Amino acid sequence: MKVCVIGLGYVGLPVASIIASHGFEVVGYDKNKKIIEALKLGHTIISEKGLDMVVRASVETGRLKAIEKLELADIYIIAVPTPKLNDNSPDLSYVSEAAAEIAEVINGGELVILESTVPVGTTEKILNIIKNNRPDLFKKNNNKVINIVHCPERILPGNTLHELVYNDRIIGGLDEEATKLANDFYKTFVKGNIYLTDAKVAELSKLTENAYRDVNIAFANELSILCEELHINIKDVIKFANKHPRVNILNPGSGVGGHCIPVDPWFIINNNEHLTKLLQTSREVNLNKTIWVSKKIQETASKIEEKIKNRKVKIALLGLSYKPNIDDLRESPSVDIAKILSQKRKYEIFVVEPNIHSLPKELENKQKLYEFNDALDKSDIAVILVSHKQFNSPSKWQEFEGIVLDFSE
Ligand SMILES: NC(=O)c1ccc[n+]([C@@H]2O[C@H](COP(=O)([O-])OP(=O)(O)OC[C@H]3O[C@@H](n4cnc5c(N)ncnc54)[C@H](O)[C@@H]3O)[C@@H](O)[C@H]2O)c1
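4 is the number of the first residue of the sequence shown in our numbering; add one for each residue after it.
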């Protein structure tokens, strides 16, 4: 069995290396030349616990190879990005491109697995793209020539390699034969339960998982603003409410980040505006929390400004990634807060993000990266946006004489 993984990012590369480590011949294809060059040498350009080792081992045994042009395989796994456009509609151009590329090389009979998170109906779109691009294969009585399933990925960055094997999976095919073939494949390396359904149920159940989390976090974020006004400790409120056996409120934060939770609800809302009021309100509440946090920082800065006349207020912004101990800045509320404060031009800002080496484009001309200790030494206000392990330094915090604002949970 030869497996071709298309898109070697946070999902695709771990998937490719896990499959290779289970004895399959795997080829990995990505449009990003840097990823391909690194993989040829057995290297990775993303940071994920244990990934370096598995990739190196798979490349050294010859089971995982980087390819520069798509080629014939028995199974194709699509793990390309599915971002949203500025108007919040889904950008399916990467999926469409991958489907068109697959169409060019297949002979018929292959299994195509879509792991990317997609709006309802996208798995069927892949079939239509392949049909349109290869009428020759479908000519004979419009016979079925390809097996297509959606098997949404549910990994948690930071624990990807473990979860790829131990998470439960949902497989929804365009027909039963495709679902069965995919089930036989996943059974070879998944130790969690595998549930079989159709493509639309699989698509919407994945989106529902993340939309559920967005709504739950919106509830926590709304409560956190209420508690601030009422001078009540939000952490205690949620801790005690969660002692109820059927209540599980998530933690508030400075918004919601990552390229899943703040994006996926839009894939349900899009084209269904009148049926998704709760999802839209939750998005609004979570986006507003980021604005609220930046206002709180500015209010605190104004109080300091009154006391110091001849210099700018100095603010350490601690953590840019969207959650602790990772390097992923996608849709991160901390980046938005850094941007909002930078635009004011009235503060001196010390951005600290120990998991990256350079700032994202939108901040690189405005700010510099600082070490945690250095930033604290320089600042009047320390804003904890993400609770990275590097910030857990009781002695350093004891020395700090400024104001601490903690929005990390
Ligand atoms: N990262 C996560 O934690 C996570 C978890 C669950 C689901 N997902 C979903 O998985 C999908 C992939 O996410 P990711 O985080 O791995 O994205 P990513 O951006 O890290 O990686 C995607 C890769 O695909 C490549 N690519 C784009 N178009 C291509 C094409 N036509 N041919 C070959 N390569 C192409 C890009 O160069 C990139 O390297 C998304 O739909 C995402 O929503 C991600």
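Every residue gets a Cβ at the ideal spot worked out from N, C-alpha and C, and that includes glycine.
The structure presented is a predicted model; accordingly, all values stated were derived computationally and were not measured.
Reduced DSSP category for residue i - H, G, I as helix; E, B as strand; rest coil
i                 : result
lysine 68         : strand
phenylalanine 403 : coil
leucine 320       : strand
tyrosine 350      : strand
leucine 278       : helix
tyrosine 325      : coil
aspartate 331     : coil
tyrosine 79       : strand
valine 62         : helix
isoleucine 343    : helix
isoleucine 22     : helix
isoleucine 132    : helix
leucine 140       : helix
isoleucine 307    : helix
isoleucine 432    : In the structure as shown, the chain starts at 4 and stops at 412, and residue 432 therefore has no counterpart that could be examined.
lysine 5          : strand
lysine 440        : The displayed coordinates of the chain run from 4 to 412. Any statement about residue 440 would go beyond what the structure contains.
lysine 87         : strand
valine 121        : coil
valine 355        : strand
leucine 362       : coil
leucine 73        : coil
Rounded separation between residue i and residue j - CA only
i                 : j                 : result
lysine 349        : valine 316        : 7 angstroms
isoleucine 343    : glutamate 308     : 18 angstroms
glutamate 2       : glycine 124       : Summary: the structure shown does not reach residue 2, with the chain confined to residues 4 through 412, and so no result is reported for it.
asparagine 213    : histidine 360     : 30 angstroms
asparagine 224    : asparagine 328    : 22 angstroms
asparagine 170    : lysine 194        : 7 angstroms
leucine 226       : isoleucine 21     : 41 angstroms
asparagine 150    : threonine 47      : 31 angstroms
valine 407        : glutamate 365     : 26 angstroms
alanine 304       : arginine 314      : 12 angstroms
threonine 293     : leucine 323       : 13 angstroms
lysine 43         : valine 62         : 7 angstroms
serine 390        : alanine 341       : 16 angstroms
glycine 161       : asparagine 289    : 24 angstroms
isoleucine 129    : phenylalanine 188 : 20 angstroms
lysine 246        : histidine 277     : 35 angstroms
phenylalanine 141 : glutamate 127     : 15 angstroms
proline 84        : glutamate 51      : 18 angstroms
phenylalanine 192 : aspartate 178     : 23 angstroms
histidine 234     : glutamate 374     : 33 angstroms
isoleucine 133    : isoleucine 70     : 21 angstroms
Exposed unless 16 or more other CB atoms sit within 10 angstroms - verdict on residue i
i             : result
alanine 244   : exposed
glutamine 370 : buried
aspartate 139 : exposed
histidine 262 : buried
proline 248   : exposed
serine 367    : Reading off the sequence, residue 367 comes out as glutamate, not serine. Flag for glutamate 367 reads exposed.
lysine 238    : exposed
glycine 256   : buried
lysine 298    : exposed
glutamate 334 : buried
glutamate 40  : exposed
aspartate 409 : exposed
leucine 95    : buried
glutamate 90  : The sequence given here has aspartate at residue 90, not glutamate. When all chains shown are included, aspartate 90 counts as exposed.
Integer Cβ distance of residue i from residue j, believed to fall under 8 angstroms
i                 : j             : result
lysine 399        : leucine 379   : 6 angstroms
isoleucine 272    : glutamine 283 : 6 angstroms
tryptophan 269    : lysine 87     : 5 angstroms
aspartate 217     : proline 265   : 7 angstroms
phenylalanine 353 : serine 382    : 6 angstroms
threonine 120     : proline 155   : 6 angstroms
valine 108        : glutamate 74  : 6 angstroms
isoleucine 174    : tyrosine 79   : Not confirmed; about 15 angstroms, so no contact.
valine 29         : valine 6      : 5 angstroms
asparagine 136    : alanine 185   : Incorrect: roughly 22 angstroms between the Cβ atoms, too far for contact.
aspartate 33      : leucine 11    : 4 angstroms
aspartate 320     : leucine 388   : Note on identity: in this sequence residue 320 is leucine, with aspartate being the wrong assignment. 6 angstroms between Cβ atoms; contact.
tyrosine 325      : glycine 260   : 3 angstroms
isoleucine 220    : leucine 167   : Not confirmed; about 25 angstroms, so no contact.
leucine 114       : alanine 19    : Contact doesn't hold; Cβ gap of about 16 angstroms is too wide.
glutamate 118     : valine 14     : 6 angstroms
leucine 372       : glutamate 356 : 6 angstroms
proline 17        : threonine 163 : 5 angstroms
In the region 25-60, which residue ranges form an unbroken beta strand (DSSP E) of at least 3 residues, counting only runs that do not cross its ends? If we require 3 residues or more, the beta strand (DSSP E) runs fully inside the region 25-60 come out as 28-32.
In the region 150-212, which residue ranges form an unbroken alpha helix (DSSP H) of at least 4 residues, counting only runs that do not cross its ends? 163-169, 179-189
Please give me, in chain order, every unbroken run of the beta strand (DSSP E) with length at least 3 that falls completely inside the region 367-391. List check, beta strand (DSSP E) in window: 384-387.
Jot down the residue ranges of each uninterrupted beta strand (DSSP E) in the region 221-272, minimum 3 residues, whole runs only, in chain order. none
Within the region 90-117, note down every full beta strand (DSSP E) run reaching 3 residues or more, in order along the chain. 114-117
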